[in-house]
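Just so you know, the protein sequences line up as chains A and B, in that order.
Each residue of the first sequence is one higher than the one before, counting from 0 in numbering that gives the first Met the number 0.
Each residue of the second sequence is one higher than the one before, counting from 0 in numbering that gives the first Met the number 0.
All C-beta atoms in this analysis are idealised placements derived from N, C-alpha and C, irrespective of residue type, glycine included.
Protein chains: 2
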Amino acid sequence: MDAGRIAAVIDFLALADRLKHVERRGRTVGPDGAARAENSAEHCWNVALVALLLHREVAEPPDLGHVLAMIAAHDLVEIEAGDTFAYDEAHVLTQAQRERAAADVVFGGLPPDLGARLRALWEEFEEGRTAAARFAMACDRAQGFLQGVIGTGHWRGAGVTEAQTRGRMDPACAVAPVFEALIETLYERARQGGMFAEPRA
Amino acid sequence: MDAGRIAAVIDFLALADRLKHVERRGRTVGPDGAARAENSAEHCWNVALVALLLHREVAEPPDLGHVLAMIAAHDLVEIEAGDTFAYDEAHVLTQAQRERAAADVVFGGLPPDLGARLRALWEEFEEGRTAAARFAMACDRAQGFLQGVIGTGHWRGAGVTEAQTRGRMDPACAVAPVFEALIETLYERARQGGMFAEPRA
Numbered sequence: 000m001d002a003g004r005i006a007a008v009i010d011f012l013a014l015a016d017r018l019k020h021v022e023r024r025g026r027t028v029g030p031d032g033a034a035r036a037e038n039s040a041e042h043c044w045n046v047a048l049v050a051l052l053l054h055r056e057v058a059e060p061p062d063l064g065h066v067l068a069m070i071a072a073h074d075l076v077e078i079e080a081g082d083t084f085a086y087d088e089a090h091v092l093t094q095a096q097r098e099r100a101a102a103d104v105v106f107g108g109l110p111p112d113l114g115a116r117l118r119a120l121w122e123e124f125e126e127g128r129t130a131a132a133r134f135a136m137a138c139d140r141a142q143g144f145l146q147g148v149i150g151t152g153h154w155r156g157a158g159v160t161e162a163q164t165r166g167r168m169d170p171a172c173a174v175a176p177v178f179e180a181l182i183e184t185l186y187e188r189a190r191q192g193g194m195f196a197e198p199r200a
Numbered sequence: 000m001d002a003g004r005i006a007a008v009i010d011f012l013a014l015a016d017r018l019k020h021v022e023r024r025g026r027t028v029g030p031d032g033a034a035r036a037e038n039s040a041e042h043c044w045n046v047a048l049v050a051l052l053l054h055r056e057v058a059e060p061p062d063l064g065h066v067l068a069m070i071a072a073h074d075l076v077e078i079e080a081g082d083t084f085a086y087d088e089a090h091v092l093t094q095a096q097r098e099r100a101a102a103d104v105v106f107g108g109l110p111p112d113l114g115a116r117l118r119a120l121w122e123e124f125e126e127g128r129t130a131a132a133r134f135a136m137a138c139d140r141a142q143g144f145l146q147g148v149i150g151t152g153h154w155r156g157a158g159v160t161e162a163q164t165r166g167r168m169d170p171a172c173a174v175a176p177v178f179e180a181l182i183e184t185l186y187e188r189a190r191q192g193g194m195f196a197e198p199r200a
């Protein structure tokens with residue numbers, strides 16, 4: 000690696016550090032019992048851990064390196080675009096446009112081959128057409144849902160009903176029986192904990 | 000996955016959430032310029048990103064899935080053992096013993112096959128005998144060093160000299176020329192920024 004390439008990688012990593020300051024709606028609970036917003040960098044590690052635990056539980060395991068690479072890269076655009084709460088309908092409408100513009104900024108600073116590689120991983124995740132992308136999506140959603148159960152109640156506080164979460168969780172359940180088993184177990188706990196908002200009459 | 004296996008995985012993931020509350024000495028800087036301690040979960044994601052950027056830059060790239068799996072698992076024992084500052088000599092002396100005991104607790108709650116798999120990844124990383132483990136070690140140390148440069152000065156504040164950091168960084172530089180180039184560039188920036196403590200006379 001020549002000096003210019005090294006400098007570009009360092010600049011990119013310094014920018015990537017900011018993902019640790021992008022807050023999600025889900026909450027994490029410390030050993031003292033105090034909850035705070037999970038950030039997107041922690042989330043990415045946690046999704047990788049879910050993938051590591053579950054990828055041999057599906058009938059045709061996708062390539063683990065490809066899945067974990069996609070997971071490491073999938074939220075980098077949030078450095079520029081911010082996290083979009085999945086149940087904020089107005090914000091979701093503009094999400095794709097905002098994130099494409101963000102991708103130009105975030106990946107554009109890397110040496111072209113590395114930028115293209117990371118951008119391709121992000122696009123594959125977003126498009127969800129490959130088996131690896133669908134597996135990564137299911138891990139991403141299962142982790143977000145688990146975080147909701149751990150953090151008890153960000154759905155209720157935000158007025159999100161069980162039916163609204165189904166729109167995001169049913170595609171994850173459909174990826175493989177292990178995701179369905181995991182997510183339905185979490186639904187039972189969420190219902191028992193009264194974590195969802197009541198439907199409006 | 001039967002119900003017992005699912006429940007054990009959920010319990011493990013709920014425990015793993017605590018890695019987001021294990022603070023390291025390196026600091027991360029938010030968009031407002033305020034610095035705070037990086038936590039071990041964020042660190043693990045960041046090390047994965049370093050591995051993703053650098054693994055094609057070495058002469059014989061290790062298997063990416065194996066490397067990223069090792070990186071995702073390598074700090075889980077800190078949930079029980081806490082982070083050990085690399086330059087706290089007394090704490091480092093007891094680190095291996097504390098972490099082995101922690102591994103029994105952290106991995107022991109998983110179904111045996113999954114617990115053995117994660118424990119083996121952690122042990123491979125710790126032992127550093129395989130090419131994949133050495134590559135992961137170099138990514139881990141390069142990320143920690145970069146975080147020191149980004150967070151400007153946790154070494155100086157803790158009385159750590161440049162010579163002390165060499166003991167950890169030279170083995171990472173020896174893994175491949177790309178690590179040497181990256182780390183030496185960071186050393187230049189750290190020196191220019193006056194980030195190390197002066198040697199005691």
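So for residue 25 of chain B, helix, strand or coil by DSSP? strand
Expressed to the nearest angstrom, what Euclidean distance is found between the alpha-carbon atoms of residue 59 of chain B and residue 156 of chain B? 39 Å
Enumerate in chain order the residues of its own chain whose CB-to-CB distance from residue 143 of chain A is below 7 Å, with the five nearest sequence positions on each side excluded. 25
May I have the straight-line CA-CA distance separating residue 49 of chain B from residue 140 of chain B, to the nearest angstrom? 10 Å
Would DSSP call residue 37 of chain B helix, strand or coil? strand
Inter-stretch contact at 8 Å, needing at least 3 Cβ pairs: the stretch 12-22 of chain A / the stretch 36-50 of chain B: yes
Is residue 51 of chain A near residue 71 of chain B, with beta carbons less than 8 Å apart? yes
Member of A:76, A:8, A:97, A:22 whose CA lies at the smallest distance from the CA of residue 56 of chain B: A:8
Our contact map puts residue 22 of chain B next to residue 82 of chain B with C-beta atoms below 8 Å; I'd like the distance itself, whole angstroms only. 7 Å
Please state whether the Cβ-Cβ distance between residue 201 of chain B and residue 151 of chain A is less than 8 Å. Lying outside 0 to 200, the shown extent of chain B, residue 201 of chain B is not represented and no answer is given.
Give the interface partners of residue 49 of chain A over in chain B, defined as CB-CB distance under 9 Å, in chain order. 8, 12
Contact set between residue 0 of chain B and chain A, taken where Cβ atoms lie within less than 7 Å: 56, 177, 180
How would you label residue 92 of chain B, buried or exposed, when you count the other beta carbons within 10 angstroms and need 16 or more for buried? exposed
How is residue 196 of chain B classed by DSSP in three states: helix, strand or coil? strand
Could you tell me whether the Cβ atoms of residue 179 of chain A and residue 172 of chain A are closer together than 8 Å? yes
Output yes if chain B places a C-beta closer than 8 Å to the C-beta of residue 20 of chain A; else output no. yes
Given that residue 15 of chain B touches chain A, what residues does it touch there, using C-beta distances under 8 Å? 45, 48
Name the residue from B:2, B:37, B:0, B:187 whose alpha carbon lies nearest to the alpha carbon of residue 146 of chain B. B:37
Using only CA atoms, which one of A:159, A:175, A:73 lies nearest to residue 199 of chain A? A:159
Nearest by alpha-carbon distance to residue 86 of chain B: which of B:168, B:135, B:28 is it? B:168
Against chain A, with Cβ distances strictly below 8 Å, would residue 29 of chain B count as a contact? yes
For residue 175 of chain A, is the classification buried or exposed, using 16 other Cβ atoms within 10 angstroms of its Cβ as the cut-off for buried? buried
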